[in-house]
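J.: Before I ask anything, here is the structure I am working with.
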Amino acid sequence: MTLPSGRFYAVELHVSAERVSQIRRIVAAHLRHWSLELHIQPVCRGVEELLNNVHRHVGDDNRCVVELRWTGRHLTVSVADNGPPMPRLASAGGGGLAAVARLCDSWGTCGTADGKVVWFTRRVADAHNSPLVPCPPVPGVGDAKGQPEPAPAPAPAPSAASPVPVPIPALV
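In my numbering, each residue's number is its place in the sequence shown (first place is 1) plus 8.
Structure follows, in structure tokens:
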């Protein structure tokens with residue numbers, strides 16, 4: 009599948025605690041550029057969890073690649089690292105992959121020749137079909153209070169000068 013221009017982003021980095029917040033800001037900027045503002049918070053939280061897992065379980069200064077792919081229907085975020093241990097879903101702490109699972113529609117892991125990839129997806133409507141346009145507020149009871157109902161316009165009265173139509177009998 010070929011992705012439209014501008015809907016793919018990848019960055020390679022060495023994971024450290026300082027880099028996690030930098031990557032979070034970069035991901036948020038790309039989502040804004042793609043008009044996906046509604047997904048910034050959950051996607052950035054998921055990326056943060058995955059990068060913190062790499063930092064915690066693989067160690068400092070390990071090579072890592074973060075990728076974003078948006079097909080117009082699904083946004084896929086993946087984090088590949090060179091650490092050998094495969095991640096496990098541990099729900100006891102509520103963080104890590106359990107947090108990622110709550111933020112997304114699907115997720116998974118895949119072993120690679122030099123490590124693993126952890127990914128998650130979110131269903132995302134095309135921004136051109138669902139723009140973020142503020143809706144005007146619905147008037148409440150307080151808005152209408154004190155304003156009288158407009159009186160209906162009076163019907164015009166027939167005048168003596170206007171002709172009155174007379175029915176014409178049909179000839180058979």
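Note that beta-carbon positions come from the ideal geometry of N, C-alpha and C, so glycine has one too.
Just list the residues that DSSP pairs C52 with in beta bridges.
T.: Here residue 52 refers to the residue found at position 44 of the sequence shown. According to DSSP, C52 bridges with nothing at all.
J.: Taking the alpha-carbon positions, what's the H63 to L105 distance?
T.: Translated into the one-based positions of the sequence shown, residue 63 becomes position 55. Translated into the one-based positions of the sequence shown, residue 105 becomes position 97. The straight-line gap from Cα to Cα measures roughly 14 Å.
J.: Name the one or two DSSP bridge partners that H41 has.
T.: In the sequence shown, the residue the question calls residue 41 occupies position 33. In the DSSP output, where bridge partners are listed per residue, H41 has none listed.
J.: Could you give the DSSP three-state label for R15: helix, strand or coil?
T.: Residue mapping note: residue 15 aligns to position 7 of the sequence shown, counting from 1. Looking at R15 - three-state DSSP - the assignment turns out to be coil, as it is neither helix nor strand.
J.: Helix, strand or coil: which one does DSSP assign to S114?
T.: As a first step, residue 114 is located in the sequence shown; it is residue number 106 there, counting from the start. Strand, per DSSP.
J.: Locate the beta strand (DSSP E) running through L46, then write down its first and last residues.
T.: Residue 46 sits at position 38 when you count from the first residue of the sequence shown. Note, L46: premise wrong, no beta strand (DSSP E); not H, not E.
J.: Since H47 and L83 are thought to touch, with beta carbons under 8 Å apart, how far apart are those beta carbons, to the nearest angstrom?
T.: As a first step, residue 47 is located in the sequence shown; it is residue number 39 there, counting from the start. As a first step, residue 83 is located in the sequence shown; it is residue number 75 there, counting from the start. H47 to L83, Cβ: 6 Å. Contact.
J.: Rounded to whole angstroms, what's the CA-CA distance from A88 to V28? Just pull it up for me.
T.: In the sequence shown, counting from the first residue as 1, residue 88 sits at position 80. In the sequence shown, counting from the first residue as 1, residue 28 sits at position 20. Straight-line Cα distance between these residues: approximately 14 Å.
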